[in-house]
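One line per chain: the protein sequences are B and L, in this order. Under UniProt numbering, residues 1 to 197 are what the first sequence spells out, in order. Under UniProt numbering, residues 1 to 507 are what the second sequence spells out, in order. Beta carbons are placed, not taken as given, at the ideal position from N, Cα and C, and that holds for glycine.
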Amino acid sequence: MSGSREAILDTIRKNHVQGDRPRPTVPLFDQAAPADLKALFQKSLERMGGKMLTPDAADPMAPVRQAIVKPGPVLSCVPEFQGDMQITPQTKPTDIAPVEYAVLRAAFGVAETGSLCFTEKQLLVNTTGFLPQHLVVLLDPTQIVYNLHNAYQRPEWTQAHYAVFQSGPSATADIEGVLVHGAQGVRSLSVLFHPAS
Amino acid sequence: MTAELHEELTDPHADQLDHGAASSRPLKSRISEPQPRGAKIHGNRPVDQSEAANRFMAATEHEAMHDARLWDLRQKRDKEMHGIEEWEELRNLASGIKEHTLSKLDYYLELFEKNATANGIKVHWAKDGAEHNAIVLEILRSKGVERLIKSKSMLTEECGFREFMAENNVEVIETDLGERIQQLDDEAPSHVVVPAVHKLRTDVASVFAKTIGSDPDNADAHYLTECQREATRPLILSAQAGMTGGNFVVAETGTFVVCTNEGNADLSANTPPLHIASIGIEKLIPGLDDLAVFVRLLSRSALGSPITQYTSHFRGPRKGSEMHVVLVDNGRSARLGMEKFWPGLKCIRCGACMNTCPVFRRSGGLSYGATYAGPIGLIIDPTFNVHKYRNLPYSSTMNGSCTNVCPVKINIHEQIADWRKTLAGEGEISPVKKVMMKAAGEVLASPVVYRASLPLGRSALRHLPHFMLYNKLNTWGRKRDIPETPKQTFNEWYRKNRKQQDEGKKS
Numbered sequence: 001m002s003g004s005r006e007a008i009l010d011t012i013r014k015n016h017v018q019g020d021r022p023r024p025t026v027p028l029f030d031q032a033a034p035a036d037l038k039a040l041f042q043k044s045l046e047r048m049g050g051k052m053l054t055p056d057a058a059d060p061m062a063p064v065r066q067a068i069v070k071p072g073p074v075l076s077c078v079p080e081f082q083g084d085m086q087i088t089p090q091t092k093p094t095d096i097a098p099v100e101y102a103v104l105r106a107a108f109g110v111a112e113t114g115s116l117c118f119t120e121k122q123l124l125v126n127t128t129g130f131l132p133q134h135l136v137v138l139l140d141p142t143q144i145v146y147n148l149h150n151a152y153q154r155p156e157w158t159q160a161h162y163a164v165f166q167s168g169p170s171a172t173a174d175i176e177g178v179l180v181h182g183a184q185g186v187r188s189l190s191v192l193f194h195p196a197s
Numbered sequence: 001m002t003a004e005l006h007e008e009l010t011d012p013h014a015d016q017l018d019h020g021a022a023s024s025r026p027l028k029s030r031i032s033e034p035q036p037r038g039a040k041i042h043g044n045r046p047v048d049q050s051e052a053a054n055r056f057m058a059a060t061e062h063e064a065m066h067d068a069r070l071w072d073l074r075q076k077r078d079k080e081m082h083g084i085e086e087w088e089e090l091r092n093l094a095s096g097i098k099e100h101t102l103s104k105l106d107y108y109l110e111l112f113e114k115n116a117t118a119n120g121i122k123v124h125w126a127k128d129g130a131e132h133n134a135i136v137l138e139i140l141r142s143k144g145v146e147r148l149i150k151s152k153s154m155l156t157e158e159c160g161f162r163e164f165m166a167e168n169n170v171e172v173i174e175t176d177l178g179e180r181i182q183q184l185d186d187e188a189p190s191h192v193v194v195p196a197v198h199k200l201r202t203d204v205a206s207v208f209a210k211t212i213g214s215d216p217d218n219a220d221a222h223y224l225t226e227c228q229r230e231a232t233r234p235l236i237l238s239a240q241a242g243m244t245g246g247n248f249v250v251a252e253t254g255t256f257v258v259c260t261n262e263g264n265a266d267l268s269a270n271t272p273p274l275h276i277a278s279i280g281i282e283k284l285i286p287g288l289d290d291l292a293v294f295v296r297l298l299s300r301s302a303l304g305s306p307i308t309q310y311t312s313h314f315r316g317p318r319k320g321s322e323m324h325v326v327l328v329d330n331g332r333s334a335r336l337g338m339e340k341f342w343p344g345l346k347c348i349r350c351g352a353c354m355n356t357c358p359v360f361r362r363s364g365g366l367s368y369g370a371t372y373a374g375p376i377g378l379i380i381d382p383t384f385n386v387h388k389y390r391n392l393p394y395s396s397t398m399n400g401s402c403t404n405v406c407p408v409k410i411n412i413h414e415q416i417a418d419w420r421k422t423l424a425g426e427g428e429i430s431p432v433k434k435v436m437m438k439a440a441g442e443v444l445a446s447p448v449v450y451r452a453s454l455p456l457g458r459s460a461l462r463h464l465p466h467f468m469l470y471n472k473l474n475t476w477g478r479k480r481d482i483p484e485t486p487k488q489t490f491n492e493w494y495r496k497n498r499k500q501q502d503e504g505k506k507s
């Protein structure tokens, strides 16, 4: 409430922690980065419960087709793959609910944690990352950064209104520590290294 | 529900999944027993944590599972820590960044407000829980909202948000599995990260059977999780508003960050046309470089996983929707002025101090009878109500393990000791403790009386009948055996064996 803003700020000013507490400089901690980030990314992704698809040079989209094993609508948000549904300017967030598989491209990946970054630019409608049952994700191997410090140097953070690191599928271990995939979001997440055209 | 909805239901190795938030080895409760409930609350009377803890310990299966699950999380945390060479440097940075931000909190709050507003976020300020609830209700009423989907937030627990909304006919649906279990059971969360960790699978089966119609005889975690997913999804799709908390707030970019494993914050925020985030004013950090430090530390400290499955960054509303942030004080700005206790504001709510605490692991989070349980609760709760929570700082062995695992280096065990002093100074001390302290004070004040008392005490410990040592007044005699007493005091031994020798050396 309007009066509260000033009251809160006034109390803070009155009670400020004493002493000089300079802002630390955060290093990038990337001296030990390996030359090949793909292998580290794959290891980290698998630790988070994600799956890596094997590329097929002769038919680049074959691994995506093969990953789609359950019946149901497929939504593609990438030009490389043809789905059953189209996103239009009229598409509402809840329209994504019946989707079985969504095919997306990640803005970039993080080798340290196996994370994929999506923003509204890749998701088209933000719920395409969460309401489908399964995700198949294309990742350009040149767009992998070593760790989270490098990740936060990227331009996406000041361009997008929404950005998410998705690291493996949705998961919960809230009942006796038993891990279950697909608590609320996607049940599975597969990644294919595929250069952006 | 068919098995094909969930492949784990038919996968014989499913119980072996050991990544993310999972336990590193299967822990399965063997028997079903009634769930012990939390502390009995009598208005403003001091909470009796040990009474509730005794009931939790009497439920042996609950106690054993709780202890094993949380100790496993602590060990997983250690493993992650050893995998990162710069771990201690990250902790120092995290502590330094938080202290810096708290020393200029007015500046960073205004900077966040300016940047968030420029990106289209509406920023509100609430001095306490009641004001927070009123602000949110007003926003919801202006949009005709009847159903709100929500991700987990300790701040809204502080504000009594769900109860308030129920009184005002707004249906609130928690979307985190653990928090939903607790909501359906009409019980508070017992842990900041794993809200239903004190429940056995059979407890969850009975709650779900009563509330969402699952099979009461099926206590399989996969089945129960799936039932909840199926029951919650239509509510997510039909809600008119979504609510999240915020783990970190980046002032320089006007961004707030939410960490979940289930993706439920992303669903709550992105599905309905209105997103409200309730955030404590201490969650501010300066910039994105700083954010990296905290994201690296949070889930590793909390669950021993490298990162939460979802780390979501909100910087502005999506097209055609509204985004509101309510910055809540609720005692934080006053705490900033408490010379000994302000460092508690550095807390990032990872729960590592709870997982490592022997008292917490054996007594369950609900025994504390307060929003925040465990070591961090002991030092935060009395700032909300010094009388009601005056017993909590005694629920500690003072082993200092909480301080050692804290990712932002809060001196938790020192603050626990400081609270004991402060409470005694303010007369907030129970009558039994007062008598004991007075007697101890007289003995300890005089070296002569102290030395004379030792052989007496030793002899007494050896010869007193059992009932005199293990009774209600001697809380240390409960659940513990007094160690065997030595035949002589150190002073006696020294005088006999070394004194002459040492004096000889000096001359």
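| Item | Value |
| --- | --- |
| Any beta carbon of chain L sitting closer than 8 Å to that of Ala171/B? | yes |
| Taking 8 Å as the threshold (C-beta atoms), are Ala116/L and Gly254/L in contact? | yes |
| Starting from Gly178/L, trace the beta strand (DSSP E) both ways and give me its first and last residue. | First-last for Gly178/L: 177 to 184, but that is the alpha helix (DSSP H), not the beta strand (DSSP E). |
| For the region 273 to 288 of chain L and the region 67 to 80 of chain B, state whether three or more C-beta atom pairs, one from each stretch, are separated by less than 8 Å. | no |
| What does the Cβ neighbour count give for Ala53/L, buried or exposed, with the cut at 16 atoms within 10 Å? | buried |
| Measuring only the C-alpha atoms, how far is Ile285/L from Ala265/L? | 21 Å |
| With distances taken Cα to Cα, identify the nearest neighbour of Pro306/L among Phe294/L, Ala94/L, Phe314/L. | Phe294/L |
| Given that Ala62/B touches chain L, what residues does it touch there, using C-beta distances under 7 Å? | Here the premise fails: no neighbours, minimum Cβ distance about 22 Å. |
| Going by beta carbon distance, what residues of the same chain come within less than 7 Å of residue 509/L, once the five residues before and after it are set aside? | Outside the modelled stretch of chain L, which goes from 1 to 507, sits residue 509/L, for which no answer is possible. |
| Ser190/B and Lys51/B - do their beta-carbons sit closer together than 8 Å? | yes |
| By the DSSP assignment, the beta strand (DSSP E) with Ala323/L in it spans what residues? | In the sequence as displayed, the identity of residue 323/L is Met instead of Ala. Run containing Met323/L: 322 to 328, per the beta strand (DSSP E) assignment. |
| According to the neighbour-count rule (16 or more other Cβ atoms, all chains shown, within 10 Å of its Cβ), is Ile236/L buried or exposed? | buried |
| For Thr91/B, return the contacting residues in chain L, with the cut-off set at a CB-CB distance below 7 Å. | In chain order: nothing, as chain L lies at least about 11 Å away. |
| Output the distance between the C-alpha atoms of Gly331/L and Thr356/L, rounded to the nearest integer angstrom. | 27 Å |
| Using a Cβ-Cβ cut-off of 8 Å, state whether His134/B counts as contacting chain L. | no |
| Can you tell me whether His124/L is helix, strand or coil according to DSSP? | strand |
| For Gly38/L, is the classification buried or exposed, using 16 other Cβ atoms within 10 angstroms of its Cβ as the cut-off for buried? | buried |
| Output the residue ranges of the beta strand (DSSP E) runs that lie fully inside the UniProt domain "LUD" (100 to 192) of chain B and measure 3 residues or longer, sorted by chain position. | 101 to 105, 108 to 110, 115 to 119, 134 to 139, 162 to 166 |
| Could you confirm whether any beta carbon from chain L is found closer than 8 Å to the beta carbon of Pro155/B? | no |
| Can you name, in chain order, every residue of its own chain whose Cβ lies under 8 Å from the Cβ of Leu137/L, other than the five neighbours on each side? | Phe164, Met165, Asn168, Val170 |
| Give every residue of the same chain whose Cβ lies closer than 7 Å to the Cβ of Thr225/L, excluding the five residues on either side of it in the sequence, and list them in chain order. | Leu177 |
| Does Asp36/B have its Cβ less than 8 Å from a Cβ in chain L? | no |
| Look at the alpha carbon of Thr10/L and the alpha carbon of Lys340/L, and state the distance between them as a whole number of angstroms. | Confidence in Thr10/L is poor, its pLDDT being 47 and thus under 50, which makes the residue's placement unreliable; the coordinate value appears in the next sentence. Roughly 55 Å between the two C-alpha positions. |
| Less than 8 Å between the CB atoms is what I'm expecting for Leu298/L and Ile379/L, so what's the real figure, rounded? | No, Leu298/L and Ile379/L are not in contact; Cβ-Cβ is about 20 Å, not under 8 Å. |
| Since Thr485/L is in the beta strand (DSSP E), which residue starts that stretch and which ends it? | Run containing Thr485/L: none; DSSP gives neither H nor E here. |
| For the beta strand (DSSP E) holding Ser278/L, just list the boundary residues, first then last. | 274 to 280 |
| For Gln500/L and chain B, any beta-carbon pair shorter than 8 Å? | no |
| Just list the alpha helix (DSSP H) runs in the region 225 to 307 of chain L, keeping only unbroken ones of 4 residues or longer that don't cross its boundaries, in chain order. | 264 to 270, 288 to 303 |
| Kindly indicate which three-state DSSP category Glu339/L falls into: helix, strand or coil? | coil |
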